[in-house]
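Participant: Sharing a structure, written as structure tokens. Questions coming.
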Ligand SMILES: CC(C)(COP(=O)(O)OP(=O)(O)OC[C@H]1O[C@@H](n2cnc3c(N)ncnc32)[C@H](O)[C@@H]1OP(=O)(O)O)[C@@H](O)C(=O)NCCC(=O)NCCS
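Residue numbers (our numbering), protein chains in the order written: chain S, 1 to 141; chain R, 142 to 296.
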């Protein structure tokens, strides 16, 4: 959950460079708990992806490089890279065979998230917005 | 010439490769891959570079007489039952000329060539640990194709 919130938020901030956006705005748009979201935004700020804005309204502003920041960079702030299989000791042949298949999936997942930048995502969001897809409508809400 | 000088991509011409460009194309590839494959490039030139077929495209990016990059692709019909689509199987931009939009210009040009040849989909295959190429093709809007490439060792 924290990871999805982080991804939605990063995209919201990156789509509004320069404009401070508040946690309340994002919480209302995605229908999520403000308390939970505030923690996620504090983590993103600690990682240097957001700057907090003082004064009336407050909020945060995007501080990352949208051309180089990937979805994987954001995900890894909230999730450990999972090692498949039995972590302790030797693996038997069943565990080894299953781990091989699971690592195939992990590799594809990593290559996908690691090559999609925030800027590439914003272009994709725009494409869905222009196509008026249900996904885009949800993102716009 | 640096990539800063190339930022004005209007000074870049994208055109079909000519025999006289091959020396520079081979050098760009050798710089990227560390292997000089002269015979391979001459063969590719004969198959793709003659400009006689709409189905096969070998384009170069030239600025002031220097070849800065190239792209090669072809239309493949009914490969594994898939409707015709354009395939990009090589692209390379001189290391000193990268990040100035040349890769994008080459890619846009080959896509225009594929459209002209009557196809509406373009595909490529990238090693999953080649983050540079993956980031580039993703930035062009490419998404995973509904196919999975599989292999096995024949030992
Ligand atoms: C991939 C390649 C063709 C890109 O060419 P380029 O002229 O630098 O590409 P562009 O300037 O048009 O870049 C377009 C987008 O690709 C992505 N990209 C390109 N280089 C990147 C890099 N080093 N890191 C992250 N993203 C990158 C960015 O999203 C970039 O957009 P931006 O400039 O707005 O950030 C070039 O780096 C290259 O030739 N690499 C070697 C490829 C190779 O090994 N070929 C041999 C086998 S086929």
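Where a beta carbon is used, it is the ideal one built from N, C-alpha and C, also for glycine.
Comparing the CB of residue 274 of chain R with every heavy atom of ligand 1, is any distance shorter than 7 Å?
Facilitator: Result yes, Cβ under 7 Å from ligand 1.
Participant: Helix, strand or coil, according to DSSP, for residue 205 of chain R in the structure here?
Facilitator: Residue 205 of chain R falls in the coil class under three-state DSSP.
Participant: Given this structure, state the Cα-to-Cα distance separating residue 31 of chain S from residue 238 of chain R, to the nearest angstrom.
Facilitator: Residue 31 of chain S and residue 238 of chain R: Cα-Cα distance of roughly 46 Å.
Participant: Using a Cβ-Cβ cut-off of 7 Å (strictly less than) and excluding sequence neighbours within five positions of residue 277 of chain R, which residues of its own chain qualify?
Facilitator: Here the set comprises 244.
Participant: May I have a chain-ordered list of the beta strand (DSSP E) segments no shorter than 3 residues that lie completely inside the region 236-284 of chain R?
Facilitator: Listed in chain order, they are 263-265.
Participant: So, under 8 Å CB-CB, residue 231 of chain R and residue 213 of chain R are touching, yes? Tell me the CB distance rounded to an integer number of Å.
Facilitator: Confirmed, about 4 Å.
Participant: Would you please verify whether the beta carbon of residue 107 of chain S is less than 8 Å from any beta carbon of chain R?
Facilitator: With 8 Å as the cut-off, residue 107 of chain S counts as an interface residue toward chain R.
Participant: Do residue 226 of chain R and residue 267 of chain R have their beta-carbon atoms positioned less than 8 Å apart in this structure?
Facilitator: It is not a contact, given that the beta carbons lie outside the stated cut-off.
Participant: Quick check on DSSP: helix, strand or coil for residue 85 of chain S?
Facilitator: Summary for residue 85 of chain S: the model assigns pLDDT 49, below 50, so the residue's position carries little reliability; its value from the coordinates is reported in the next sentence. Note: residue 85 of chain S maps to coil in three-state DSSP.
Participant: Measure from the C-beta of residue 279 of chain R to each C-beta in chain S and report whether the shortest distance is under 8 Å.
Facilitator: True, the Cβ-Cβ gap to chain S drops below 8 Å.
Participant: Excluding the 5 residues preceding and the 5 following residue 281 of chain R in the sequence, name in chain order all residues of the same chain whose CB lies nearer than 8 Å to its CB.
Facilitator: Answer for residue 281 of chain R: 245, 248, listed in chain order.
Participant: Out of R:289, R:158, R:294, R:256, which one is the CA nearest neighbour of residue 221 of chain R?
Facilitator: Considering only alpha carbons, the answer is R:289.
Participant: Output, in sequence order along the chain, the residues in the region 109-135 of chain S whose CB is closer than 9 Å to any CB in chain R.
Facilitator: Cβ contacts with chain R: 110, 111, 112, 114, 115, 116, 117, 119, 120, 123, 124, 127.
Participant: Does the beta carbon of residue 239 of chain R come closer than 8 Å to any beta carbon on chain S?
Facilitator: Not an interface residue.
Participant: For residue 206 of chain R, which residues in chain S fall below 8 Å Cβ to Cβ?
Facilitator: Ordered by position in chain S, no residue passes the 8 Å Cβ test against residue 206 of chain R, which lies about 31 Å from the chain.
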